Amino acid sequence: MNRSKFKENASKCVFTATAIICIIAVVAIFAFLIAESVPAFKEIGFLKFLFGDTWEPSASDKYGMPLAGTYGVFKMIVGTLVATCGSVVVGGLIGFFTAVFISAFCPIKLKKIFSTVIHLLAGIPSVIFGFFGMKVLLPGLGVFSSNGSGSGLLAVSLVLGLMILPTVVSLSKTSIEAVPAGYYEGARALGASHEQAIFTAVVPAAKSGIAASIILGIGRSVGETMAVIMVAGNKVNYPGGFFQSFRVLTANIVMEMGYAGEVQLGALIATGVVLLLFILMINVLLGLVTGKRKKEKGGRKHTAGALSGIIYKLKPERIGKIISCVAAGVAAGALLSIIAFIVIMGVPHLNWQLLFGEYVIAGEISILPSIAATFMTVLVSLAVAIPVGVATAVYLNEYTKKGSRLVRIIRGAIDVLSGIPSIVYALFGMVTFVVWFGGKMSVLAGSFTVAVMLLPVVVRSTEESLKSVQDSLREGSLALGAGKLRTIFKIVLPSALPGIMSAVILSMGRVVSESAPFIYTMGSTIMPMPKGFTDSGTTLAVALYKLSGEGRYTDEAYATAFVLLVIVLALNLTAGFIEKRLNKKLKGETNAFRPKKRNGNAGGKCRNDKEQKDAV
Numbered sequence: 062m063n064r065s066k067f068k069e070n071a072s073k074c075v076f077t078a079t080a081i082i083c084i085i086a087v088v089a090i091f092a093f094l095i096a097e098s099v100p101a102f103k104e105i106g107f108l109k110f111l112f113g114d115t116w117e118p119s120a121s122d123k124y125g126m127p128l129a130g131t132y133g134v135f136k137m138i139v140g141t142l143v144a145t146c147g148s149v150v151v152g153g154l155i156g157f158f159t160a161v162f163i164s165a166f167c168p169i170k171l172k173k174i175f176s177t178v179i180h181l182l183a184g185i186p187s188v189i190f191g192f193f194g195m196k197v198l199l200p201g202l203g204v205f206s207s208n209g210s211g212s213g214l215l216a217v218s219l220v221l222g223l224m225i226l227p228t229v230v231s232l233s234k235t236s237i238e239a240v241p242a243g244y245y246e247g248a249r250a251l252g253a254s255h256e257q258a259i260f261t262a263v264v265p266a267a268k269s270g271i272a273a274s275i276i277l278g279i280g281r282s283v284g285e286t287m288a289v290i291m292v293a294g295n296k297v298n299y300p301g302g303f304f305q306s307f308r309v310l311t312a313n314i315v316m317e318m319g320y321a322g323e324v325q326l327g328a329l330i331a332t333g334v335v336l337l338l339f340i341l342m343i344n345v346l347l348g349l350v351t352g353k354r355k356k357e358k359g360g361r362k363h364t365a366g367a368l369s370g371i372i373y374k375l376k377p378e379r380i381g382k383i384i385s386c387v388a389a390g391v392a393a394g395a396l397l398s399i400i401a402f403i404v405i406m407g408v409p410h411l412n413w414q415l416l417f418g419e420y421v422i423a424g425e426i427s428i429l430p431s432i433a434a435t436f437m438t439v440l441v442s443l444a445v446a447i448p449v450g451v452a453t454a455v456y457l458n459e460y461t462k463k464g465s466r467l468v469r470i471i472r473g474a475i476d477v478l479s480g481i482p483s484i485v486y487a488l489f490g491m492v493t494f495v496v497w498f499g500g501k502m503s504v505l506a507g508s509f510t511v512a513v514m515l516l517p518v519v520v521r522s523t524e525e526s527l528k529s530v531q532d533s534l535r536e537g538s539l540a541l542g543a544g545k546l547r548t549i550f551k552i553v554l555p556s557a558l559p560g561i562m563s564a565v566i567l568s569m570g571r572v573v574s575e576s577a578p579f580i581y582t583m584g585s586t587i588m589p590m591p592k593g594f595t596d597s598g599t600t601l602a603v604a605l606y607k608l609s610g611e612g613r614y615t616d617e618a619y620a621t622a623f624v625l626l627v628i629v630l631a632l633n634l635t636a637g638f639i640e641k642r643l644n645k646k647l648k649g650e651t652n653a654f655r656p657k658k659r660n661g662n663a664g665g666k667c668r669n670d671k672e673q674k675d676a677v
């Protein structure tokens, strides 16, 4: 075997091994959950647990004698399902049309601003969304509610919808812009307007990426905890109306985990099993829906774009563009409202001691150690998740046959990972990585836990970008004598760079915004400056959660939220700068749906039909 052949075989083995890591992660998490929940199922009864509508944990009577508890989660299953549907209606629709606006209708200069806006949303911690919902949304919605609180399904749907927006927009935008130019040009050549070409040819061709964004958005919605706790009301009820207090499965785990007894603890972990089954069912249904038309050919019939078809059956030619512009405005307005809230509440409370002072236990508060711990977790988690995720995507797209059983298993594992709640990751990280590092909470344990959480985002985004690379580029490289490995690293990956960078930005935002995994793997007490990666620490999101819960440090909590927002913006700008420099080396990123400059007119501006025809 010559050296080149050996390198090709070795690289394939490496890519295969990274892909199998996803399967191992899912199996390990499932094994952990089942092992811990089986005793509870035996004690309670599986069907009684699943379909019972009464949740009353064991307690003691006035004489101190234990009372039997009742553990039924059906009300919370219904609450989780309804909340997820509401968030998808809000975030999915707004996210989809916002992505269309940014890709096809937005001027070039404004496009950069919108992209930054969306990435900022990805980095805002859930506890900040919860603050915003509790302080701004609930008082406003309370005017229309009978009890005056405003909490319930409507508030939960709005908050969760805002939280899944960045995921839906980023991945949908990447998929839409990756559609070959021939789809758009063919539609225009047949007499379609710019708007018709986008909605009837380009958007349907991007169906797999849009479906992937919805799946990841559903996973984020199902797994969210902190923001829901702050706006749902958390009574164990059926969600009977927009303002009816109810509880979701993840909130139930977090609210009762700290004081749970043996049976109750098992019941809470068993709730994680129910969540995983819930995610599996959703993935199967979406797979069936998106796979029905897999064999259909042509731009108009290739589609996952029911929205597109509906729009243009209504006949008004510009309705899609109008809806896209409105959706983008709503997304931008929501972000600006949250930013304004953080700035107004946080900036007045910034001071030298809080930012750069020396941390004193039970004394002066300083978030400098938390800032350092945050950057350390970002560095380690990305160093693990990005190579593994990109290599897995390369294996799925470049080394496997489409529709093979192994590919379906790996993709199913990735979808399951995307839907596992962060609190379940936290428990899994506590019993694996913390034990792995000698039973000590550390930056490494927290980073490894979050790295597993990031894999679905990295794999999905990279894979959709790899799919968009034209086969002619691969065939040309191979025809010139380049090997498979060289073609991947010199041709395919550089062409997929925008999708990879979107994954990096989303991943950074996820690391910065997470709190539950770090509480159980790094520690929940605000700690001094970590001296190394094996020391425990507190990220900014955890510090924000702890300061807000103390009651005495509300002002410091708002200031911490502002610092966190600034860090997210700085990370996004840095990633954008790197992407821009890399794109210059690769002769820049092209937009298939935006004609190049002609006769001095910028292609980035939205034109009327005559201008479009002249440009094309």
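Heads up: the sequence shown runs through residues 62 to 677, numbered per my numbering. Ideal Cβ positions, reconstructed from N, Cα and C, are used throughout, including at glycine. If you're wondering where the values come from, they're calculated on a predicted model, not measured in any experiment.
Going along the chain, which residues of its own chain have a beta-carbon closer than 7 Å to the beta-carbon of residue i, five neighbours each way excluded?
i       : result
Arg-308 : Met-137, Gly-140, Ala-293, Asn-295, Lys-296, Val-297
Phe-417 : Leu-429
Val-404 : Phe-623
Thr-332 : Val-134, Leu-310, Asn-313, Ile-314
Ile-549 : Val-455, Glu-459
Thr-145 : Ile-279, Ser-282, Val-283
Val-324 : Ala-101, Glu-104, Ser-119, Gly-130
Return the first residue and the last residue of the alpha helix (DSSP H) that residue i is part of.
i       : result
Thr-582 : 577-582
Val-263 : Looking at the DSSP string, Val-263 is not in any alpha helix (DSSP H), and its letter there is neither H nor E.
Gln-414 : 413-417
Glu-97  : 64-105
Lys-694 : Residue 694 lies beyond the stretch modelled for the chain, which goes from 62 to 677, so this question has no answer here.
Phe-166 : Looking at the DSSP string, Phe-166 is not in any alpha helix (DSSP H), and its letter there is neither H nor E.
Met-291 : 287-293
Met-514 : 504-529
Phe-436 : 429-459
Arg-571 : 558-574
Pro-200 : 199-203
Met-491 : 483-492
Asp-596 : It is not in any alpha helix (DSSP H) - Asp-596 carries neither H nor E in the DSSP assignment.
Val-229 : 214-238
Ala-250 : 242-250
Ile-276 : 268-284
Leu-541 : Careful: Leu-541 lies outside any alpha helix (DSSP H) and carries neither H nor E.
Asn-313 : 310-318
Looking only at C-alpha atoms, which of the options sits nearest to residue i?
i       : options                            : result
Val-315 : Ala-577, Gln-531, Gly-537          : Ala-577
Phe-494 : Leu-198, Thr-510, Ile-484, Ser-479 : Thr-510
Asp-114 : Leu-396, Ala-321, Pro-300, Ala-395 : Pro-300
Ser-508 : Glu-524, Phe-436, Gly-560, Gln-531 : Phe-436
Pro-168 : Ala-389, Pro-118, Phe-638          : Ala-389
Leu-605 : Phe-594, Pro-591, Phe-579          : Phe-579
Val-492 : Leu-94, Arg-379, Glu-69            : Leu-94
Phe-498 : Ser-526, Leu-527, Phe-594, Ile-587 : Phe-594
Ala-474 : Thr-79, Ala-71, Gly-213, Ser-72    : Thr-79
Asn-412 : Glu-617, Ala-267, Gly-500          : Glu-617
Cys-83  : Ile-470, Leu-329, Arg-547, Thr-621 : Ile-470
Quick check: the Cα distance between residue i and residue j, rounded to an integer number of angstroms?
i       : j       : result
Val-264 : Ile-174 : 22 Å
Gln-414 : Ser-427 : 6 Å
Met-685 : Leu-251 : It is not possible to answer for residue 685, since the shown part of the chain is limited to 62 through 677.
Met-318 : Ile-484 : 10 Å
Ala-602 : Cys-74  : 38 Å
Phe-67  : Phe-112 : 56 Å
Leu-221 : Val-468 : 31 Å
Phe-489 : Ile-90  : 6 Å
Val-565 : Thr-177 : 14 Å
Leu-182 : Val-530 : 28 Å
Thr-77  : Ser-442 : 21 Å
Ile-259 : Ser-164 : 10 Å
Val-449 : Ile-481 : 19 Å
Leu-396 : Phe-402 : 10 Å
By Cβ distance below 8 Å, which residues in the same chain neighbour residue i in space, the five residues on each side in sequence not counted?
i       : result
Gly-125 : With a pLDDT of only 44 at Gly-125, under 50, the local geometry of the prediction cannot be trusted, and no value is derived from it.
Gly-152 : Leu-221, Gly-222, Leu-223, Met-224, Ile-225, Leu-226, Val-229, Gly-278, Ser-282
Pro-377 : For Pro-377, the predicted model reports a pLDDT of 49, less than 50, meaning its position is unreliable and no value from the coordinates is stated.
Can you list, in chain order, the residues of its chain whose CB lies under 6 Å from that of residue i, leaving out five sequence neighbours each side?
i       : result
Met-583 : Met-502, Gly-507, Ser-597, Gly-598
Inter-stretch contact (C-beta, 8 Å, three-pair minimum) for the segment 227-247 and the segment 270-281: yes
Review point. Below 8 Å, can you find three or more Cβ-Cβ pairs linking the segment 101-120 to the segment 278-286?
Key: no
Discussion item. With three or more C-beta pairs closer than 8 Å as the rule, is the segment 202-217 touching the segment 408-415?
Written reply: no
Checklist entry - Between the segment 514-533 and the segment 606-620, are three or more C-beta pairs nearer than 8 Å? => result no
Next on the checklist: Within 8 Å, do at least three Cβ pairs link the segment 627-634 to the segment 559-576?
Outcome noted: yes
The segment 232-240 in contact with the segment 543-561 per 3-pair CB rule at 8 Å
yes
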